[in-house]
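Encoded as structure tokens, the structure appears first; notes follow it.
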Amino acid sequence: MKYETVIGLEVHVELATKSKIFCSCSAEFGGEQNDHVCPACAGMPGMLPIVNKKVVDLGMTAGMMLNCDINRVTTFDKKSYYYPDLPNAYQTTQWFAPICVNGRVDIETSNGPKSIRIKQIHMEEDAGKLVHDDWTDTTLVDFNRTSVPLIEIVSQPDISSAEEAIAYLERLRDLLRFAKVSDCRWEQGSMRCDVNLSVRPVGSDKLGVRSEMKNMNSLSAISRAIKYEIARHTKAVENGETLIQDTRRWDDNEGKSYAMRSKETAGDYRYFPDPNIMPVVIDDEWFDGIKATLPELPEVKRAKYIDELGLSEYDADQLVSSRALCDVFEDAVAVCGSAKEAANWIITDCMQVLNKKKMTADMLDINGTSLGQLIKLVSEDKVSRGNAKRILAAMFENHIADVEAYAKEFGFIVSNDTSAIEAIVKEAIASDPKSVADFKAGKEKALMALFGKCMKQLKGNANPQVLREILIAEINKA
Numbered sequence: 150m151k152y153e154t155v156i157g158l159e160v161h162v163e164l165a166t167k168s169k170i171f172c173s174c175s176a177e178f179g180g181e182q183n184d185h186v187c188p189a190c191a192g193m194p195g196m197l198p199i200v201n202k203k204v205v206d207l208g209m210t211a212g213m214m215l216n217c218d219i220n221r222v223t224t225f226d227k228k229s230y231y232y233p234d235l236p237n238a239y240q241t242t243q244w245f246a247p248i249c250v251n252g253r254v255d256i257e258t259s260n261g262p263k264s265i266r267i268k269q270i271h272m273e274e275d276a277g278k279l280v281h282d283d284w285t286d287t288t289l290v291d292f293n294r295t296s297v298p299l300i301e302i303v304s305q306p307d308i309s310s311a312e313e314a315i316a317y318l319e320r321l322r323d324l325l326r327f328a329k330v331s332d333c334r335w336e337q338g339s340m341r342c343d344v345n346l347s348v349r350p351v352g353s354d355k356l357g358v359r360s361e362m363k364n365m366n367s368l369s370a371i372s373r374a375i376k377y378e379i380a381r382h383t384k385a386v387e388n389g390e391t392l393i394q395d396t397r398r399w400d401d402n403e404g405k406s407y408a409m410r411s412k413e414t415a416g417d418y419r420y421f422p423d424p425n426i427m428p429v430v431i432d433d434e435w436f437d438g439i440k441a442t443l444p445e446l447p448e449v450k451r452a453k454y455i456d457e458l459g460l461s462e463y464d465a466d467q468l469v470s471s472r473a474l475c476d477v478f479e480d481a482v483a484v485c486g487s488a489k490e491a492a493n494w495i496i497t498d499c500m501q502v503l504n505k506k507k508m509t510a511d512m513l514d515i516n517g518t519s520l521g522q523l524i525k526l527v528s529e530d531k532v533s534r535g536n537a538k539r540i541l542a543a544m545f546e547n548h549i550a551d552v553e554a555y556a557k558e559f560g561f562i563v564s565n566d567t568s569a570i571e572a573i574v575k576e577a578i579a580s581d582p583k584s585v586a587d588f589k590a591g592k593e594k595a596l597m598a599l600f601g602k603c604m605k606q607l608k609g610n611a612n613p614q615v616l617r618e619i620l621i622a623e624i625n626k627a
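Yeah, the sequence shown ends on 627 if you go by this note's numbering, and it's all consecutive.
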């Protein structure tokens, strides 16, 4: 018999808020253990939760980006289960009225386009983190991550292969990052995935026995785990073995999954409305305000950059990989008027600075208008390319509003004083008669040696063409 795979994904995404979902503690990644904790997120008695409005904003934004319907009245519920890093012994989440329902994500695979339906998106709090110490044989709890705001994106079981799963996850990541909902950094756990998988005979409408692999945070591992589970399920069905609905752990080093516990059902969690949190009512003004902030989709920007601004496909692809790059690029073009120059500066020079600082493209935080001013100064020969790079480096440290004023203050403006240039040129010629003789003998490199000496003396503040003309004229006189 032939079998088909049925996969549904539950994707947990930490939201890009400064504070936690129900208190004012920092939601920043890292920090000293238990440094971002207060009585409220530590589950102390008598502490009441207050909903962070930014969490609802980002929940709505995610839903709109993923073609969901937004519930105008959304509520929070208690999900009861015990785990050592869950201080209240329940998780505050959404069950009865999640913020988003009935969405869709369109993907492209080797088999062509496909739509993956989204059942719901709900807001919830994250749990803490267990820290295992093999040396002392102890386990400690870090509550910094407790109550960090999450959305959980629950797909319908529409995914049929590892390739489709990865395409879906990459599309989710790109859309959510572009809308600044989350940084979606797998390595920091701000995007994690639970994989629910079963197999059934082709043509059957009955789902097979399901297994779930929890908290996966690597696309490559997810792909390998899905392929392994497909083979495990298919072999068991073909051999007439009884599969048990369970929760499993994927060991990427061994390339195997291991059973952790039998799979819970919704009834096991004993959901009930949280009496301490009032329903959140989203009126038209709030809804329309969030809708107005949605960015153009990456593919729309890409087409505009190529068709209207004349960029190459490569340059457009590089820019639309990050909303931050797009924002800076568009602001720069509005000032300098050259899409190609703006793209070159961002893709080459800005990315070089980011790489040195070990920062991602999404962390680009310079003023696009100021970058446009800098590009314009270079194109007008008012600032040399070398000094422009120095100004750019300063822009990463300080938000420079007036680039031309900054260039004047620190002596980066190109000098038009030909008498000063002539004086420097004469000194260079007098100090290096060999290079002069070599150039007159036809060696072009000798001119560049003299040119470099002059430009160094002028601190880069000379028009290269003017300097070259004066240098050749003075050599001919020598």
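Glycine included, each C-beta is placed from N, C-alpha and C at the ideal position.
In this text the structure is predicted, and so the values were computed from the model without any measurement.
1) Starting from K268, trace the beta strand (DSSP E) in both directions and tell me its first and last residue.
2) Under the DSSP definition of a beta bridge, which residues are partnered with S347?
3) Looking at the structure shown, is F421 part of a helix, part of a strand, or coil, going by DSSP?
4) Out of K525, S487, S471, E553, state which residue places its alpha-carbon closest to the alpha-carbon of L513.
5) Look at the Cβ atom of P298, then the Cβ atom of K169, and state whether they are nearer than 8 Å.
6) Suppose the cutoff is 6 Å on Cβ atoms and the five residues either side in sequence are ignored; what does the same chain contact list for G252 look like?
7) Tell me, please, which residues DSSP counts as bridged to L289.
8) Specify, as a first and last residue, the run of the beta strand (DSSP E) that K602 falls within.
9) Out of D291, S229, V204, L356, point me to the one whose CA is closest to E301's CA.
10) Could you spell out where the beta strand (DSSP E) holding Y317 opens and where it closes?
11) Would you kindly check if the distance between the Cβ of D206 and the Cβ of I265 is under 8 Å?
12) Excluding the 5 residues flanking V585 on each side, which residues of the same chain have their C-beta closer than 6 Å to its C-beta?
13) Please report the distance separating the alpha-carbon of P422 from that of W335.
14) Does the distance from the CB of V222 to the CB of P424 come in under 8 Å?
15) Can you check the stretch 338-414 for any alpha helix (DSSP H) of at least 4 residues that lies completely inside it and give the ranges in chain order?
16) Tell me the residue span of the alpha helix (DSSP H) that contains E553.
17) Taking all protein chains shown into account, do 16 or more other C-beta atoms lie within 10 angstroms of the C-beta of I375, making it buried, or fewer, making it exposed?
18) For the pair the stretch 480-493 and the stretch 347-361, tell me if three or more CB-CB distances fall below 8 Å.
19) Counting only runs of 4+ residues fully inside the stretch 176-217, write out the alpha helix (DSSP H) ranges in chain order.
20) Going by C-alpha to C-alpha distance, which of S296, S406, S533 sits closest to V344?
21) Mind the definition here: the stretch 444-453 touches the stretch 229-249 only if three or more C-beta pairs lie below 8 Å; say whether that holds.
22) Grab me the residues of G180's own chain with a C-beta within less than 8 Å of its C-beta, minus the 5 sequence neighbours each way, in chain order.
23) For Q305, which residues in the same chain have their Cβ closer than 6 Å to its Cβ, ignoring the five residues on either side in sequence?
24) Cα-Cα, which of T442, A492, K525 is closest to V552?
25) Going by the beta-carbon positions, is the gap between D234 and L164 smaller than 8 Å?
26) Can you find at least 3 beta carbon pairs, one from the stretch 437-448 and one from the stretch 391-411, that sit closer than 8 Å?
The structure says:
1) Here residue 268 refers to the residue found at position 119 of the sequence shown. 261-274 is the span of the beta strand (DSSP E), which, as asked, contains K268.
2) If you number the sequence shown from 1, residue 347 lands on position 198. Answer is V155.
3) Taking the sequence shown and counting its residues from 1, one reaches residue 421 at position 272. Three-state result, F421: strand.
4) The sequence position of residue 513 within the sequence shown is 364, counting from 1. If we check each option's Cα against that of L513, S471 comes out closest.
5) What you label residue 298 is simply residue 149 of the sequence shown in a count that begins at 1. What you label residue 169 is simply residue 20 of the sequence shown in a count that begins at 1. Going by C-beta atoms, P298 is nearer than 8 Å to K169.
6) Against the sequence shown, residue 252 aligns to sequence position 103. Answer for G252: L215, N216, C217, I267, listed in chain order.
7) The sequence position of residue 289 within the sequence shown is 140, counting from 1. Paired residues: V280.
8) For the purposes of this step, residue 602 is taken as residue 453 along the sequence shown, with counting starting at 1. Careful: K602 lies outside any beta strand (DSSP E), inside the alpha helix (DSSP H) at 593-606.
9) Here residue 301 refers to the residue found at position 152 of the sequence shown. Selected option, being the one with the closest Cα: V204.
10) As a first step, residue 317 is located in the sequence shown; it is residue number 168 there, counting from the start. Per DSSP, Y317 belongs to no beta strand (DSSP E); it is in the alpha helix (DSSP H), 311-327.
11) As a working mapping, residue 265 is identified with position 116 in the sequence shown. As a working mapping, residue 206 is identified with position 57 in the sequence shown. No, they are not a contact pair.
12) On the sequence shown, residue 585 is found 436 positions in, with the first residue counted as 1. Here the set comprises I578, I624, A627.
13) Taking the sequence shown and counting its residues from 1, the one referred to as residue 422 is at position 273. Taking the sequence shown and counting its residues from 1, the one referred to as residue 335 is at position 186. Looking at the two C-alpha atoms, the distance is approximately 31 Å.
14) By one-based count along the sequence shown, residue 222 stands at place 73. By one-based count along the sequence shown, residue 424 stands at place 275. Their beta carbons are not under 8 Å apart, which means V222 does not touch P424 by this criterion.
15) 368-387
16) Translated into positions along the sequence shown, residue 553 becomes position 404. Taken as a continuous stretch (DSSP letters only), the alpha helix (DSSP H) holding E553 covers 552-558.
17) The count along the sequence shown starts at 1 and reaches residue 375 at position 226. I375 is buried by the Cβ-count criterion.
18) no
19) 202-214
20) What you label residue 344 is simply residue 195 of the sequence shown in a count that begins at 1. The option with the nearest alpha carbon to V344 is S406.
21) no
22) Here the question's residue 180 lines up with position 31 in the sequence shown. Closer than 8 Å at Cβ, skipping near neighbours: N293.
23) In the sequence shown, counting from the first residue as 1, residue 305 sits at position 156. Same-chain partners within the cutoff: R266, K268.
24) Numbered from its first residue, the sequence shown carries residue 552 at position 403. Of T442, A492, K525, the residue nearest in Cα terms is K525.
25) The count along the sequence shown starts at 1 and reaches residue 234 at position 85. The count along the sequence shown starts at 1 and reaches residue 164 at position 15. Cβ distance not < 8 Å, so D234 and L164 don't count as in contact.
26) no
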